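Numbered continuously in the working numbering, the sequence shown closes out at residue 359. Notes follow the structure.
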Amino acid sequence: EEQLRLFITTIASMYGGHPFHNFEHASHVTMSVMKLLTRIVAPTDLEELDDMANPVTQAADTGNEKDDRQFVAATLHDHTYGITSDPLTQFACGFAALTHDVDHPGVPNAQLVKENTMMAQLYDSKSVAEQNSMVLSWEIFMCDEFNELRSCICSTATELDRFRQLVVNAVMATDIVDKELKELRNNRWDKAFNEEETIETHSMHIESTNRKATIVIEHLIQAS
Numbered sequence: 136e137e138q139l140r141l142f143i144t145t146i147a148s149m150y151g152g153h154p155f156h157n158f159e160h161a162s163h164v165t166m167s168v169m170k171l172l173t174r175i176v177a178p179t180d181l182e183e184l185d186d187m188a189n190p191v192t193q194a195a196d197t198g199n200e201k202d203d204r205q206f207v208a209a210t211l212h213d214h215t216y217g218i219t220s221d222p223l224t225q226f227a228c229g230f231a232a233l234t235h236d237v238d239h240p241g242v243p244n245a246q247l248v249k250e251n252t253m254m255a256q257l258y259d260s261k262s263v264a265e266q267n268s269m270v271l272s273w274e275i276f277m278c279d280e281f282n283e284l285r286s287c288i289c290s291t292a293t294e295l296d297r298f299r300q301l302v303v304n305a306v307m308a309t310d311i312v313d314k315e316l317k318e319l320r321n322n323r324w325d326k327a328f329n330e331e332e333t334i335e336t337h338s339m340h341i342e343s344t345n346r347k348a349t350i351v352i353e354h355l356i357q358a359s
C-alpha cells in the first residue's frame with residue numbers, strides 16, 4: 136500500500152499545470168474507467184442472478200447449486216471476454232487511465248510534429264504524447280523502489296509482459312486523432328465481431344476472446 140501511494144504521488148508530480156492535460160483530468164478518467172468496469176456484470180456478483188427468470192440461470196439449473204453457480208460464472212466470464220474475472224486486466228485499465236497523460240506538453244501531437252520537437256523526433260512523429268507518457272510511466276513502475284508493488288500485481292514475468300501490453304494498448308487508444316491507429320482499431324473490431332462463426336480450437340478461442348477484450352478496453356478508456 137505504501138509503494139502504491141508513492142507511485143501515484145510520483146505520477147501526479149509529473150503532470151504539468153495545463154488547463155486540460157493535468158492530474159485532475161487523469162483522476163477523472165481513472166474514476167470513469169473504474170466506474171464503467173463495475174457496470175460489467177462480474178462472476179462475483181452471482182447473488183444478483185438468483186432470479187431464475189434470468190435466461191442464464193435458467194440454462195444453468197441442474198439442481199446442484201454449486202454446479203449452477205460455476206456454470207453461470209463461466210458463462211459470464213465468456214460474456215465479458217474475461218475482463219471482469221481478471222484483476223490484472225482491471226488494474227491495467229486503472230493504471231493506463233492514471234498515467235495516460237504523464238508529462239504531457241499541453242499541445243496536440245500535430246503541433247509537436249509541426250514544430251519538430253525533440254519529443255516528436257524521439258517517437259517518429261507517431262502518437263508522440265501517448266508514447267512519451269507510456270515510456271516514462273513504465274520506467275517509474277520498473278524502479279527498484281516499486282519491486283513489492285510489481286510483485287503484488289504481477290507474480291510472474293509472463294504476467295508482467297501481459298500487464299505491459301494491456302497498458303500499452305489502453306494508453307495508445309487515447310490517441311483518437313491518428314488515422315492509421317483508428318483504421319487498425321476498426322479492422323480489429325471487424326475481425327473480432329464481424330467474422331463468421333467457425334469451429335474454434337481452444338487456442339483460437341483464447342485468441343478471439345483476448346482480441347475482443349482488447350477492443351472493449353480501448354473503447355472503454357476512449358469513452359472515459
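All C-beta atoms, glycine included, are put in the ideal place defined by N, C-alpha and C. As the structure is a prediction and not an experimental result, all values here were calculated from the model.
Tell me where the alpha helix (DSSP H) around ALA231 begins and ends. Unbroken alpha helix (DSSP H) run through ALA231: 222 to 234.
Select from PHE155, LYS317 and PHE226 the residue whose C-alpha is nearest the C-alpha of CYS287. Among PHE155, LYS317 and PHE226, the Cα nearest to that of CYS287 is on PHE226.
Could you give the DSSP three-state label for ALA188: helix, strand or coil? Since pLDDT at ALA188 reaches only 47, below the 50 mark, its modelled position is unreliable, and no value is offered.
DSSP state of ALA308, grouped into three classes? DSSP places ALA308 in coil when its eight states are reduced to three.
Applying the 10 Å Cβ sphere with the 16-neighbour rule, what's the burial state of SER262? The C-beta of SER262 has 16 or more other C-beta atoms within 10 Å across all chains shown, which makes the residue buried.
Pick helix, strand or coil for THR219, following the three-state DSSP scheme. DSSP places THR219 in coil when its eight states are reduced to three.
Top-ranked residue by Cα proximity to GLN138, from ILE275, PRO154 and THR173: Per the Cα distances, ILE275.
Which residue wins for smallest C-alpha separation from GLY241, given the options LEU295, ALA264, GLN256 and LEU257? When each option's Cα is compared against that of GLY241, the closest is ALA264.
CA-to-CA distance, MET277 to LEU316, given in whole angstroms: Each residue's Cα considered, the two are about 27 Å apart.
Please report the distance separating the alpha-carbon of ILE352 from that of HIS235. Taking the straight line from one Cα to the other gives about 14 Å.
Residues of its chain near PHE298, where Cβ-Cβ distance is below 7 Å and the 5 sequence neighbours each way are ignored: Excluding sequence neighbours, PHE298 sits near LEU223, ALA227, ILE288 and CYS289.
Taking its Cβ as the centre, do 16 or more other Cβ atoms sit within 10 Å of VAL302, making it buried, or is it exposed? VAL302 is buried by the Cβ-count criterion.
Measure the Cβ-Cβ separation of GLY217 and MET169 and say whether it is below 8 Å. No, they are not a contact pair.
Quick one: what does DSSP say ASP238 is sitting in, helix, strand or coil? Residue state, collapsed to three classes: coil.
Alpha carbon to alpha carbon, what distance is there between PHE142 and GLN300? As the crow flies, the alpha-carbon of GLN300 is around 20 Å from that of PHE142.
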